[in-house]
Amino acid sequence: MRNLLIWPALVLVAVGCAPDTTAPARAAERFHAALSAHHEDAACAMLTRKTAEKLPDPGQTCAEALREAKLGPGGAVTSVSVWGDAAQVRLAGDTLFLHRFTDGWRVKAAGCEPVRDLPYDCEVED
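The numbering of the sequence shown is the UniProt record's numbering, which starts it at 1 and goes up by one.
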């Protein structure tokens, strides 16, 4: 009988430790929604500071650089992986990497495609 009481407690602990995948998924969806609505300034505000600073070429704004970037269409979320303050969100038409800050999840890289045994190659990244 004692074992029966321990089992539910272990299940509750395991469930309580599961990472939140909803917040990074929503951040990725909002980023692509802003791009789809041609609100590149809003999409730029969703990037990490380092990514937003690195993205534009000299004399170009972040919004102009996002307009020129070859990002996938976004689409439905197909999977989310979270490791502490880092997350990967796969959408039907794009893969994004995000980082969690005190004010929420921000896009660190977008337009990412796997390259065999190497890291992802991303159109937008820091």
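Ideal Cβ positions, reconstructed from N, Cα and C, are used throughout, including at glycine.
Where P119 is concerned, the enclosing beta strand (DSSP E) starts and stops at 118 to 125. Excluding its 5 nearest sequence neighbours in each direction, A52 has C-beta neighbours in its own chain below 7 Å: C44, C62, listed in chain order. The three-state reading of DSSP puts H39 in coil, since its state is none of H, G, I, E or B. Taking a contact as a CB-CB distance under 8 Å, the pair M46 and A27 counts as one, their CB atoms being some 7 Å apart.
When DSSP states are grouped into helix, strand and coil, P114 belongs to the strand group.
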